[in-house]
Structures are given as C-alpha cells and as structure tokens.
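Residue numbers (this note's numbering), protein chains in the order written: chain A, 4 to 298; chain B, 60 to 504. Ideal Cβ positions, reconstructed from N, Cα and C, are used throughout, including at glycine. To start, the structure under review is shown below, and the notes come after it.
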C-alpha cells in the first residue's frame with residue numbers, strides 16, 4: 004500500500020476543495036436545512052415553533068399521504084419494469100450492425116431530449132377527450148367496445164395508464180442508451196466463440212449479453228427508480244395530481260403543502276421521499292453486487 | 060522524430076482537455092453571474108397578474124395607460140394561466156420578504172392565507188385618505204371576502220358567482236312561466252321535461268352541475284347547503300359539518316343523481332365547469348349550474364342554445380334563501396413593498412369606474428363595481444349584465460380560513476364518495492367533520 008506524504012495529502016484536498024464547496028453549498032446545506040425544517044411547525048400564518056417529530060406523526064395519520072405513497076410505489080413498480088424491458092429491446096435492436104444505426108440511435112434519443120413539461124403538454128393533446136389522437140385511434144379503429152370515446156385523464160385507472168405510457172415513451176431511450184453503452188463494451192470474440200460452440204441467438208443473449216451488461220442495467224435501474232419515485236413534472240402538467248388526488252405523487256403532495264405555506268410539513272414529506280430513495284439505491288447496489296468482478 | 064510527434068499530439072490533446080475544462084467551468088458559473096445581476100432593483104412598482112395570454116395583453120395595455128397618466132413606471136410581471144403556479148410565485152416572494160411584486164392579483168380563496176401570514180398591507184387608511192367610495196362595491200363581497208379580522212386587505216377586480224342557466228324555449232314549450240325558485244320545483248320541472256325530451260334525445264338530462272372531485276364540487280356543495288341555511292360553521296374551536304341542514308342538502312345532491320335521475324351518473328366522475336357547459340351547450344340539459352363565463356359561449360355562433368338561454372339565481376330549500384359562491388380575483392398590496400403610495404395609485408386606477416367598464420367590455424369580466432352594471436354601453440353589448448347584480452348581492456365566500464385548501468381537500472374526498480354512492484350523507488359528513496377537526500387543531504394558533 005502506498006503511503007502518502009502530508010504534502011501530497013494537503014495538495015489532494017486542495018484540489019478537491021472546489022468540489023467540496025460546491026457539494027456543501029448546493030447539496031448538503033439544503034438537505035440538512037430541509038431535515039431541520041421538518042422538525043418545526045413552520046407555517047407562514049403561525050408562529051414558528053419546534054415540534055420534534057409531530058410533522059411525521061401527522062404524516063402517518065394523513066389519508067392523503069397514504070394515497071400518494073401508494074400511487075408513487077405503484078407507479079415505480081409498473082413504469083420501471085416496462086421502461087427497462089422496452090429499453091433492453093431497443094438496445095438489442097440498435098446494437099445490430101446496419102446502415103442507419105447512427106441515425107436510428109440519434110432518433111431514439113429525441114423523446115429523452117425533449118423537456119418533460121413540453122412532452123407532457125404534447126401528451127395532454129393526445130389524451131384530449133374531444134380531439135386527441137388517443138380517442139381518434141380508439142374509436143376510429145373500433146378498439147372501443149361501446150364505440151364511445153374515453154376520458155383518459157378523467158378516471159383514476161385511465162390517468163394512471165396514461166401517465167405510465169407517457170413516462171415510458173419519454174424515458175425508455177435513456178435506459179436503451181445506457182444498456183447500449185454496456186453492450187458495445189462486450190468484445191465480439193465472445194459471441195463468435197459462442198457461435199462456434201453452437202449457441203443460438205437466445206442463448207447468446209442470456210449467457211453473454213445479459214450477465215455482461217448487468218452493471219449497466221443496475222445503473223439504469225437505480226436512475227429510473229429514483230426518477231420515478233420523485234416524478235413531478237409529467238404529473239403536474241398532465242393530471243395535476245387528479246382526478247381527486249389519485250395520481251398525486253409524493254413530490255407533488257409535498258409541493259401542495261409548500262403552496263399553502265406549511266413549509267415544515269412539506270419538508271417532512273421531502274425527507275421521507277429522500278429516505279425511501281436512499282433505501283432503494285442501497286438495496287440495488289447490494290443486489291447488483293458492485294465491485295464484485297465478473298468472471 | 061516519431062517521439063516528438065507523439066509528444067506534440069499529446070500536448071495538443073492536453074491543451075484541448077484544458078480548454079474544454081475551462082469551457083465547462085464557465086458554463087457552470089455563467090448562470091450564477093446572471094443570477095447576481097437580476098437582483099438589481101427596478102425603478103417604479105412591480106405589478107404581477109396572471110391569466111390567459113389575451114388577458115395578460117389587456118392588463119399590459121392598462122398598465123401602460125396608467126404609466127402615461129401618472130408618470131409612475133410599472134414593471135408588469137406576467138404570471139402563468141395556472142392558478143396554483145400563480146400562487147406559488149406569490150408565496151415564494153412574499154415568504155422571502157422581497158419588495159417585489161408591490162401589487163398583485165389574488166384568487167379570492169388565497170386572501171385569508173396571505174392576510175393571516177401578515178403579507179397584505181391594510182387598505183382602509185389609503186381608501187379613506189384618497190376618498191375612494193367603497194359603497195360602489197358589492198357590500199357583502201367587501202365585508203366577507205376582502206376584510207380579514209376587521210381590516211380591509213384587498214379590493215375586488217372581477218367577481219364570479221354560481222348561476223342557474225335555463226332553457227327558455229323548453230320552459231315555454233312545456234308551459235312553465237319561469238325558472239324554478241326552489242329545488243323541489245327544479246326537480247318537478249326537470250322530471251317532466253326530461254321524460255318528454257328523452258324521446259327525441261336519449262342523452263337529455265334535467266340538471267347538470269359540478270360534482271367531480273375538485274374545488275368546483277365544494278362551490279356546488281356550499282351552494283346547496285347554504286340555500287338550506289347550512290355550510291361550514293364553528294362552535295368555539297369545533298368545526299361543524301354534520302348538521303341537519305347539511306345532511307338534508309347532501310341527501311338532495313345524492314337524490315338528484317340516484318333517486319330522481321335528473322342529473323347524469325357522470326356527475327361525480329367527470330362533471331367540471333367545461334363538461335357541464337358543453338352538455339348544456341349541445342342541447343343536452345334543461346338546467347345548468349355554472350359561472351358567468353358560460354354566457355357568452357352559449358351565445359356564440361354554432362351553439363345549440365344560442366338565444367334560448369336565460370339566467371337566474373340558484374334555487375333554494377323551503378326554509379333557506381338562494382346563495383351563490385363567490386369566485387374571482389382581488390388586488391392586494393404587499394406588506395414588504397417599498398413603494399406603497401404609488402402602489403395604491405395603481406390599485407385606485409384599476410378599480411376606477413372607467414377601467415372596470417373597460418374590463419367588462421374588453422374581457423367580458425363581471426366587474427366588482429355595481430355602477431358598471433347599469434351602464435348603457437355595457438348593457439347594450441351584454442344584456443345579461445342586468446341580472447347579475449341580484450346574484451352577486453347574495454354571493455358568499457368559501458370559509459375564510461388560512462388553511463382552507465386542506466379543508467377543501469377533505470370535503471372533496473368525502474362528498475364525492477357520497478355522490479358516487481360509496482357512503483351515506485351521514486357517514487360522509489361525520490368522517491369529513493372528524494378529519495376537518497384534525498386540520499383545525501393543527502393550524503390553530
């Protein structure tokens with residue numbers, strides 16, 4: 004093991020200093036500030052008072068919080084697998100050599116490049132009851148059993164499905180690109196060798212591609228899970244949390260309390276969201292067994 | 060030679076990386092530089108208002124007129140159309156104690172929250188000093204919505220209230236002399252006309268109103284309950300929702316859908332303002348509860364009810380009187396403003412008769428001043444204005460509590476599930492009352 008001299012250590016910390024200042028000022032201080040604020044009755048129209056864990060007790064009792072926790076988890080458990088499966092499919096297809104590969108790869112990224120608020124507005128038009136594309140296809144191709152248009156965003160189930168579809172459209176490219184990067188790192192020799200040994204395309208995929216892109220897959224899953232957990236923009240624009248609070252994600256729920264001036268409670272919701280995201284990331288890293296080399 | 064060339068590319072590569080690094084650093088730092096610049100104070104006052112783009116252009120023109128007349132420069136801050144986004148913008152600057160915006164437009168339900176937070180400048184003194192005649196406004200609105208703890212904190216610009224729209228032609232055809240005055244009459248007329256009309260139009264319903272789970276449902280509920288002498292009341296610190304008056308009104312709301320079948324089952328799943336307006340406008344309803352905005356749309360070319368529509372105050376229960384829930388936008392001056400005198404000048408300008416008339420003519424808004432409703436030019440363009448003062452005189456605000464939004468959320472959930480038939484009025488109101496009490500206790504000083 005190499006032993007660093009004091010001078011070397013000092014220099015290395017000096018080089019790290021800008022990053023530490025940046026992280027400290029823009030990440031650590033706000034996070035700690037939120038945690039501190041969550042233990043206060045910080046309501047704009049009442050006197051500020053330390054109340055310990057009262058905000059959290061109130062949170063557990065609140066039916067609105069339970070509803071939004073349920074929705075958020077359901078959203079994560081449905082949207083992340085859908086996006087990962089589709090992303091994997093796209094990655095495999097885009098990894099095949101072909102004349103338009105570069106162009107196709109660029110095209111696939113377009114949904115990911117469009118800001119969420121703008122793509123949500125576009126989807127809002129698609130789901131529009133009167134003139135949206137969704138109802139045009141639904142009634143036009145005789146998919147609707149009764150022939151009647153559907154109020155896509157008007158019912159809890161419809162709004163949920165619409166959100167998952169829009170979110171999958173938007174974030175599948177992200178998964179695809181990360182997995183594609185993982186796939187390009189796999190040497191072609193392995194496949195050729197497997198082919199010589201008589202492995203078919205499916206076997207080559209399950210025995211070579213899948214194990215070797217596992218680190219990339221875990222990275223994609225962590226990013227997608229955390230993003231899905233704290234989803235805000237898409238829902239804010241598409242349903243505003245409705246109908247009747249059925250699609251209020253945790254971040255939207257917390258935001259609504261900021262809106263009425265209950266900053267302490269809003270902070271408590273943010274802290275809970277933060278802890279859930281942290282727990283899930285740790286779980287993924289454990290499951291993915293990072294650092295263990297692939298033999 | 061070879062070594063030298065390699066070194067050269069390496070060095071060139073290095074300097075490329077350095078250059079890229081500098082560029083990246085600049086990109087990160089640049090926004091902060093601009094953030095620093097935007098902190099400079101504007102000359103003049105800042106006025107923030109939101110709305111549809113056409114409304115914003117109208118405001119902008121008004122503000123420029125004000126500048127020309129008074130010489131006070133105004134920085135017009137355009138807010139989005141969405142109500143929650145406007146509220147967010149205001150709450151953030153006010154909580155941060157910023158001196159801008161000096162004057163702003165508020166939804167009537169925000170007033171208690173902003174006033175209780177101490178963010179609104181009392182206006183009584185300014186009004187007295189500049190001899191503004193407050194009697195020209197609807198007194199109930201000024202007293203109930205713009206006054207917080209005996210202090211005038213806001214002034215109305217634009218008022219809104221629930222109305223009963225009815226099909227004049229159908230009432231005539233079936234021999235009814237006018238719109239119903241009580242809810243029982245409304246059901247009676249609805250049943251007769253609906254039965255006859257169903258033979259031609261299977262989608263026809265007697266009465267459409269807002270029952271989806273959203274803020275509009277609470278306006279409707281408070282109108283039903285209020286017209287029976289009910290609503291949200293307090294006994295000391297106890298909130299009262301499960302009262303006999305409210306139970307009767309709730310039962311009636313359920314009966315409209317499930318017993319008399321004069322209101323469609325979609326009432327509790329999707330009926331909001333626009334759905335209700337379209338049902339009526341397509342000729343699928345006899346009565347409609349909606350805000351004044353629906354009138355010009357019903358009269359537009361292509362509307363099936365053009366020239367066949369009348370408006371009236373909402374019906375009431377035998378022992379109550381007709382009431383209408385107040386909506387609309389009000390002006391306030393920030394407590395943190397550093398230009399309060401000039402700000403008041405702008406408020407005074409915006410509530411003047413001349414400007415209020417311009418708003419009525421330009422945007423079709425129902426002004427807060429009573430004297431505009433009798434103006435011949437206004438009446439010529441908008442004849443229905445003659446009937447509106449009678450409705451606005453009976454408007455009532457929603458409960459003026461700083462935490463009204465949370466209370467509304469609880470009520471929406473329970474009343475909507477009652478309309479869907481998932482709970483009885485008794486259980487819905489008692490669980491709503493229990494949950495509401497928790498909120499009251501939490502936000503009590």
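Asked	Found
Under the three-state DSSP convention, the category residue 174/A falls into	helix
Cutoff 7 Å; reference residue 239/A; Cβ partners in own chain excluding five residues on either side	255
Buried versus exposed call for residue 253/B [16 or more other C-beta atoms within 10 Å across all chains shown]	buried
Residue range of the beta strand (DSSP E) that includes residue 56/A	Here residue 56/A belongs to no beta strand (DSSP E), and DSSP marks it neither H nor E.
Boundaries (first-last residue) of the beta strand (DSSP E) holding residue 1/B	Nothing can be reported for residue 1/B, as the shown portion of chain B is limited to 60 through 504.
Cross-chain neighbours of residue 273/B in chain A, by beta carbon under 8 Å	245, 246, 247
Chain-order list of residues whose beta-carbon lies under 6 Å from that of residue 102/B (same chain, five-residue window excluded)	132
Below-8 Å beta-carbon distance, residue 487/B vs any chain A residue	no
Enclosing alpha helix (DSSP H) for residue 101/A [first to last residue]	Segment: none, residue 101/A is in no alpha helix (DSSP H) and carries neither H nor E.
Chain-ordered neighbours of residue 61/A on chain B, where CB pairs are closer than 9 Å	497, 501
Closer than 7 Å: residue 155/A CB and nearest the ligand FAD heavy atom	Of ligands this structure carries none, so the ligand FAD is not represented either.
Coarse secondary structure for residue 138/B, derived from DSSP in three states	strand
Within-8 Å CB hit, residue 143/B to chain A	yes
Segment contact flag, the segment 420 to 428 of chain B with the segment 466 to 475 of chain B, C-beta cutoff 8 Å, min 3 pairs	no
Cβ of residue 472/B within 8 Å of any chain A Cβ	yes
Within-8 Å CB hit, residue 175/B to chain A	yes
Distance CB(residue 42/A)-CB(residue 53/A) smaller than 8 Å	yes
Identity of the residue in 366/B, 383/B, 178/B nearest residue 350/B by Cα	383/B
Span separating the alpha-carbon of residue 118/B from that of residue 481/B	46 Å
Where the alpha helix (DSSP H) containing residue 225/A begins and where it ends	217 to 232
Chain-order list of residues whose beta-carbon lies under 8 Å from that of residue 331/B (same chain, five-residue window excluded)	269, 271, 273, 275
Below-8 Å beta-carbon distance, residue 241/B vs any chain A residue	no
Contact check, residue 167/A vs residue 79/A, beta carbons under 8 Å	no
Inter-residue spacing [alpha-carbon to alpha-carbon] between residue 19/A and residue 29/A	16 Å
Residues of the segment 32 to 47 of chain A whose Cβ lies closer than 9 Å to any Cβ of chain B, in chain order	44, 46, 47
Three CB pairs or more closer than 8 Å across the segment 238 to 252 of chain B and the segment 370 to 378 of chain B	yes
Members of the segment 154 to 165 of chain A near chain B, C-beta cut-off 8 Å	154, 157, 158
Reduced DSSP secondary structure (H/G/I, E/B, other) of residue 165/B	strand
At least three beta-carbon pairs within less than 8 Å, the segment 279 to 292 of chain B to the segment 331 to 344 of chain B	no
Nearest-angstrom Cβ-Cβ length linking residue 478/B and residue 316/B, presumed shorter than 8 Å	6 Å
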